[in-house]
Structures are given as structure tokens and as C-alpha cells.
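Residue numbers (the numbering used here): 752 to 934.
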């Protein structure tokens, strides 16, 4: 299993064999790992199944952080409806979360963990290759999911949230672990 996995990762990393590889390896555009000295409040959004999580991450330096989170459901009809409806639902839940934490007037950078196959064109630009996990929202495949989330937030106009990064769950785990332990 190990050798087969390593072979598929190697195929996924090579331009010539990437299209046939079972393990797709896409660039993340993450330039640096956290040092643990970061400070500030950030939102995180994790979408990858029938539920999604919104998190308020307070980085306090010295590898210290607190996290407050809320889980929201993705109704079945939104999993197969239009992409605009899905992202409007997510933006509405973000607004409720921000209001609950008395942060409606605060500028909040948001990291968007989007656990579906994407080709990234930059740190905050991710083009959905295809839906998986029971999702089949119209008008999203081939589109920039960061832009779609940004537009949904802007349509509401009730929170100052900026999508600053799109990442998959593997990259998110790496960043979280690196913040806690730089070694």
C-alpha cells in the first residue's frame, strides 16, 4: 500500500503523468508556514460535506490560540441546487456567527477550507474541477469558489469579511499543526 501510494503521489506531482494520476497534487500557493508568533482574530470556514464549520480563531502569539466554532447544516436541496443558493446560505451563516460574536463591524480575514478538487490560480483563487461527496450545485464547476463566496458575502453587505485564502483540508491541517509546533 505504501509503495503504491508513493508512486501515485509521484505521478500526481509530475506534469506529464498528473492527468492519469489517482492522487492529484495541485499547487497551494501557501508561501510560508506559521511561526506560532502570529496574533489577531481570523475566521475559518470548512466546507466538505453535509455540514460546514465556521470558526473564530484568536491567535495570541507564543503558539497559543483559542477557537470558537459552530457547525451548520447544508440542506440536501442546497447540495444539488444552484451554486448561488449554496454560497448565499453559507454567507448567511457567516453573518449569524459574526453577529453572535459581536464582530459585525470588525474586519475579519477568512480562510476557506474547500475540500473538493480545485485548481488554484493563486492563494485566494480556486477553480472547482468537479463536485464530490453528494454535491452537484449548478454553475460552480469551472468557477472560482473564492469569488463566489466573496460575492455572496457582498450581496448581504452586513459583515466585513474578506476571503484571503482557499485551501484543502490537508493544507489546513499542515498550517494548524505548524502553528502549534514549528518543529
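A virtual CB, placed ideally from N, CA and C, is assigned to each residue, including glycine.
**Asked** Are residue 876 and residue 897 touching if we call contact CB-CB under 8 Å?
**Response** Here residue 876 is taken as the residue at index 125 of the chain shown, counted from 1. Here residue 897 is taken as the residue at index 146 of the chain shown, counted from 1. Yes. Within cutoff.
Notebook entry, point to check: So what does DSSP say about residue 929, is it helix, strand or coil?
Noted result: If you number the chain shown from 1, residue 929 lands on position 178. In the structure shown, residue 929 sits in a helix (DSSP, three-state: H, G or I).
| field | Pairwise C-alpha distance: residue 752 and residue 858 | value | Taking the chain shown and counting its residues from 1, the one referred to as residue 858 is at position 107. Taking the chain shown and counting its residues from 1, the one referred to as residue 752 is at position 1. Approximately 46 Å between the Cα atoms of the pair.
Original post:
If you draw a straight line from the alpha carbon of residue 805 to that of residue 872, how long is it in whole angstroms?
Top reply: Position 54 of the chain shown, counting from 1, holds the residue named residue 805. Position 121 of the chain shown, counting from 1, holds the residue named residue 872. The alpha-carbon atoms of residue 805 and residue 872 are separated by roughly 24 Å.
TODO: Give me the Cα-Cα distance between residue 929 and residue 761, rounded to the nearest whole angstrom.
DONE: Taking the first residue of the chain shown as position 1, residue 929 is located at position 178. Taking the first residue of the chain shown as position 1, residue 761 is located at position 10. Those two C-alpha atoms are separated by around 24 Å.
- Item | Secondary structure of residue 777, DSSP reduced to three states | Your numbering for residue 777 matches position 26 in the chain shown. Coil.
| message | Please report the distance separating the alpha-carbon of residue 879 from that of residue 792. | response | For the purposes of this step, residue 879 is taken as residue 128 along the chain shown, with counting starting at 1. For the purposes of this step, residue 792 is taken as residue 41 along the chain shown, with counting starting at 1. One alpha carbon belongs to residue 879, the other to residue 792, and they sit about 28 Å apart.
- prompt: Should residue 903 go down as buried or exposed, given a rule of 16 or more other Cβ atoms within 10 Å for buried?
  reply: Within the chain shown, the letter at position 152 stands for residue 903. Answer is buried; the Cβ neighbour count reaches 16.
- Query: Per DSSP, residue 802 forms a beta bridge with which residues?
  - Reply: As a working mapping, residue 802 is identified with position 51 in the chain shown. 824.
Exercise for review: Have a look at the DSSP bridge pairing and note the partners of residue 809.
Suggested key: As a first step, residue 809 must be located in the chain shown, where it is residue number 58. Bridge partners of residue 809: 792 and 817.
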